[in-house]
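Data first, discussion second: the structure below is written as structure tokens.
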Amino acid sequence: MAATSTDIINPTEPVSSDFIKTHMRIDTTNEDDNIDKFIKWARKAVEKDGNITLVQKSVKMQFEHPVTKYYLKFDTQETAIVSMSYLDEDGLLVAVTDSVLHNNSLPNYVVADIPKLGTDIKIEYLATPATDHPIAAAIVEKLVMMFSYNVKVKKEAGLAYKEIIDELGVKFFN
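Start counting the sequence shown at 409; every next residue gets the next number (the numbering used here).
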């Protein structure tokens, strides 16, 4: 099974930059771009670790051979199958129109009547996260870890450069 997912354009992140700035006691706007990047990075890391989606995504999955259940990559509150197809024994593309989505219990899966000789089964679906997902706390935790590391590295780099600049300044002006 191969799977790829793409965030919808400009998703609303489950954690806002204002919340993170308040949480980390950041009063300036110097780090706003970094904060937004870190939020996206942390959300994607949590999604990968938890095999969930926290923003709406278009997901494409591919299976080599027919199975009884096609388990979806992300367990989400709402899922809509956009398309499903397979190649028949003659290599012709056949659209599946009678698939049944089971998303009332986890893990989510699709059932479809695909012949045994069918290959290259493709499913495209839209995954929508549950609102107020409790896993958002994991994003905050990852962000705090990332910011703490970032501040520590910047501080250590600043001190190292200060010593070099001070040393060069003494040599240069003496």
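Using N, Cα and C, we set each Cβ at its ideal position, and we do this for glycine too.
Contact set for residue i: own chain, Cβ-Cβ below 6 Å, skip 5 residues either direction
i: K468; result: T412, E532
i: N511; result: T487
i: D435; result: none
Cβ pair residue i, residue j closer than 8 Å
i: T414; j: K465; result: yes
i: T536; j: L495; result: no
i: V502; j: L509; result: no
i: A488; j: L525; result: no
i: I443; j: I428; result: yes
i: S424; j: D440; result: no
i: K550; j: V454; result: yes
i: I447; j: E421; result: yes
Own chain partners of residue i with C-beta closer than 7 Å, once the 5 adjacent residues on each side are dropped
i: P419; result: V463, Q464
i: K477; result: Y517, V519
i: F471; result: M409, Y478, I529
i: H473; result: T527
i: L500; result: none
i: F580; result: For F580, the predicted structure reports a pLDDT of 47, less than 50, and the residue's modelled location is therefore unreliable. A value from the coordinates is still provided. Result list for F580: empty, nothing under 7 Å.
Where the alpha helix (DSSP H) containing residue i begins and where it ends
i: V454; result: 440 to 458
i: T430; result: 425 to 431
Residue i - containing beta strand (DSSP E), residue span
i: F471; result: 465 to 471
i: V508; result: 508 to 510
i: E497; result: Note, E497: premise wrong, no beta strand (DSSP E); not H, not E.
i: I529; result: 527 to 536
i: D415; result: 410 to 415
i: V518; result: 517 to 519
Integer-rounded CB distance, given that residue j should sit under 8 Å from residue i
i: D498; j: D521; result: Contact doesn't hold; Cβ gap of about 18 Å is too wide.
i: M492; j: V475; result: That pair is no contact at about 13 Å.
Sequence-distant residues of the same chain with beta carbon closer than 8 Å to residue i, five excluded per side
i: K456; result: none
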